[in-house]
Amino acid sequence: MASEVAKPIDPAERARPYFDAAARGVLALQRCASCGACAFPLRARCPACGSTALEWREAAGAGRVFGHGRLTRSSAPELEGKLPLTLLLVDLDEGVRIPARLAASESRAVRAGDRVTLSFETSGDGTPLPVFRLDPGGAARSAS
Amino acid sequence: MRDSLAGATAICGLGMTELGRVYERTASDFAAEAVLAALADAGLAKDELDGLLLNAGISQGIDLSLVQTLGLRELSLLTQMNAYGSSAGQMVQYAAMAVHHGLARNVACVFADAPLVRGQRAGQAYGGARARRPGLGSIVPSLGFAGPIPFYALHAQRHMDVYGTTQDQLGAIALSARQWAARNPRATMREPLSLAEYHASPWVVAPFHVLDCCLVSNGAICVIVTGAERARDRPRPPVYVHGVGQAHQLEWNDASPSLAQRSSRAAFAMAGCGPADIEQCQIYDCYTFTVLTTLEDYGFCKRGEGGPFAESGALAPGGALPMNTGGGMLSSYYMWGMTPISEAVIQARGDGGARQVARNGRVAVSGNGGIFNHHATLVLSPHALG
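Here the protein sequences line up with chains U and B, keeping their order.
Anchor point for the first sequence: position 128 equals 1387 in our numbering, and the numbering is continuous, going up by one each time.
Anchor point for the second sequence: position 222 equals 889 in our numbering, and the numbering is continuous, going up by one each time.
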């Protein structure tokens, strides 16, 4: 709608609801009150319908592995002592794809299409990071 | 009815500087040298150049001041643009449109970059100093995603999981590039590469070894686009632009290689050909996997069969679909989309020397930018579109 104005917002301020929810172990997503589409990364307008009426909703934390890869070395100080680790792209059931990691405690091998459930780990610099564990019996060997 | 742009323009000039580990030079000076070399190659005087399109690489070392550097006084078309790896293909397309509609007669399209610093690792030069982003942007690097490599690697692993693509098959693409590079005197990496050496190459993000990733290079490449008729009066053989296409989307939730499908279909339709009519291809090879998925999207093999297709030797010297005949960005030089375009011009002209492929009637050229966010396709040919 032409009358709606997307105001500039400080990135850290805009992301506050995400971090508040993450502190409770919950993944918060932007959802458009107008058309219902979820958005990630953060938006000032709904990419589906253009509305500025974006609200925060708690995601169920369930999804499916789109892709995965093994990181064995990095110069990033916050990854010291955490390598090797498995990077994930997860398609949440809410319809958005997010970057994440396989939980450090997860020892099973992951494949594209596997069902996964969210939790959080804290990075070396205190950032709450979305991580996933494989669902029991949730392996989808025919990836979708 | 055929699109009036089909075959209406041609590349009449090519300028390439020394490429690769060439230090203590600025991107701006590389660009100036490449434009002047392309003008000389095209037999054009400086004041006959009336269009200039620029694409700065990662070091952002060139801008509109190149007009002043070169003392250009007759420009009626000028802009700087960037859609990463598809920029060069797009520049040729905008140049072709402008020439076709009479906005300019001779348009130079130049890419220049100089991120490499002596004594510094390529990865450092390219993405080492990434600024920490505020807000949600901090999560991505904290997870361990640094730059585009992990995103491509995860897409590649998905392909392996879904279609059974193997590490050897990704390796076949790296080996093929090196076989071609050995025949290209300008190539950075010309020593033979074995599959065992490929497997021994360090991991960046598995399934990507270092040798699945392109080089980082300094230098510049310029091509000049002119009308098909005028191109026939130039000293070098014209390289006709038969078909062009682009596709873009920035919703990384949907990021899928199908952009290459859209872009190539548009270009093939304009050129009046299909994938079976393409005799060789110059594919944007930022990673081995980018090649594999582009081959599938362009219809050179079926979805999921890119791995076996590469492993069959089809892409290597003597293969059924010679690809990246100069060694590509994996082994020769990383000039974004200008690497495949320049090689297509060399091949269409018959200038390939030890790497010349006899079948050069239709050359498909791809450019890929972002994380499957931008794609451009050209169909180039030494033959006028009859």
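Beta carbons are placed, not taken as given, at the ideal position from N, Cα and C, and that holds for glycine.
Note that the structure is a prediction, hence the values are computed from the model and not measured.
- Membership of residue 730 of chain B in any beta strand (DSSP E) is not indicated, and neither H nor E is assigned to it by DSSP.
- Non-local beta-carbon contacts of residue 978 of chain B in its own chain, meaning distances under 7 angstroms to residues more than five positions away in sequence, involve 835, 836 and 839 in chain order.
- If you look at residue 863 of chain B, you'll find it in the alpha helix (DSSP H) that goes 862–867.
- Among the residues facing chain B, residue 1386 of chain U is included, as its CB has a counterpart in that chain under 7 angstroms away.
- With contacts defined by Cβ atoms closer than 7 angstroms, residue 1046 of chain B and residue 934 of chain B form a contacting pair.
- Apart from sequence neighbours up to five positions away, the residues of its chain that approach residue 789 of chain B with a beta-carbon distance below 7 angstroms are 783, 882 and 883, ordered along the chain.
- For the options B:831, B:771 and B:681, the alpha carbon positioned closest to that of residue 719 of chain B is the one of B:771.
- Shown here, residue 1052 of chain B sits in coil according to DSSP, grouped into three states, outside any helix or strand.
- In chain order, 1392 and 1393 place their CB closer than 7 angstroms to the CB of residue 1365 of chain U, counting only its own chain and leaving out the 5 sequence neighbours on each side.
- Neighbours of residue 739 of chain B in chain U, taken as residues whose beta carbon is under 9 angstroms from its own, are absent, since the nearest beta carbon is some 38 angstroms off.
- For residue 683 of chain B, the enclosing beta strand (DSSP E) starts and ends at 676–683.
- Taking C-beta atoms as the reference points, residue 1328 of chain U and residue 959 of chain B fail to come closer than 7 angstroms.
- Residue-level contact by beta carbon fails for residue 1290 of chain U and chain B, as no gap is shorter than 7 angstroms.
- For residue 700 of chain B, no beta strand (DSSP E) encloses it; the enclosing alpha helix (DSSP H) starts and ends at 694–709.
- Within the DSSP bridge table, the entry for residue 1384 of chain U names no partner.
- Closest option to residue 825 of chain B, judged by alpha-carbon separation, among U:1362, U:1285, U:1284 and U:1373: U:1373.
- Restricting attention to U:1317, U:1371, U:1313 and U:1361, the CA atom closest to the CA of residue 1292 of chain U is found in U:1313.
- DSSP, reduced to helix, strand and coil, places residue 1013 of chain B within a helical segment of the structure shown.
- Closest in C-alpha terms to residue 879 of chain B, from the list B:890, B:864 and B:891, comes B:864.
- Burial state of residue 1306 of chain U is exposed, judged by a 10 Å Cβ sphere holding fewer than 16 other Cβ atoms.
- Within the stretch 822–847 of chain B, those residues whose Cβ lies closer than 9 angstroms to any Cβ of chain U are, in chain order, 822, 823, 824, 825, 826, 827, 828 and 829.
- By the rule that beta-carbons nearer than 7 angstroms mark a contact, residue 1323 of chain U does not touch chain B.
- Of the other Cβ atoms in all chains shown, fewer than 16 fall within 10 Å of the Cβ of residue 1331 of chain U; this residue is therefore exposed.
- Excluding five sequence positions before and after residue 901 of chain B, the CB atoms of its chain that fall closer than 6 angstroms to its own CB belong to 679, 709 and 710, given in chain order.
- Under the three-pair Cβ rule at 8 angstroms, the stretch 887–898 of chain B does not count as touching the stretch 1035–1042 of chain B.
- Remark: C-beta atoms of residue 907 of chain B and residue 1033 of chain B do not approach each other more closely than 7 angstroms.
- Around residue 1382 of chain U, the beta-carbon contacts reaching into chain B at under 7 angstroms are 809.
- If the five residues before and after residue 818 of chain B are omitted, its C-beta is found closer than 6 angstroms to the C-beta atoms of 1038, all from its own chain and listed in chain order.
- Under the 8 angstroms Cβ criterion, the stretch 925–934 of chain B does not count as touching the stretch 729–741 of chain B, having fewer than three qualifying pairs.
- For residue 847 of chain B, the closest alpha carbon among the candidates B:981, B:831, B:918 and B:961 is that of B:981.
- With a cutoff of 7 angstroms on beta-carbon distance, residue 1036 of chain B and residue 753 of chain B are scored as near each other.
- Residue 990 of chain B sits buried, since 16 or more C-beta atoms from the chains shown fall within 10 Å of its C-beta.
- Remark: C-beta atoms of residue 716 of chain B and residue 779 of chain B do not approach each other more closely than 7 angstroms.
- Under the Cβ distance rule, residue 1320 of chain U does not count among the residues neighbouring chain B, no pair being separated by less than 7 angstroms.
- Against chain B, the CB of residue 1317 of chain U has no partner CB under 7 angstroms away; the residue lies outside that interface.
- Here the alpha carbon of residue 1370 of chain U sits roughly 39 angstroms from the alpha carbon of residue 1009 of chain B.
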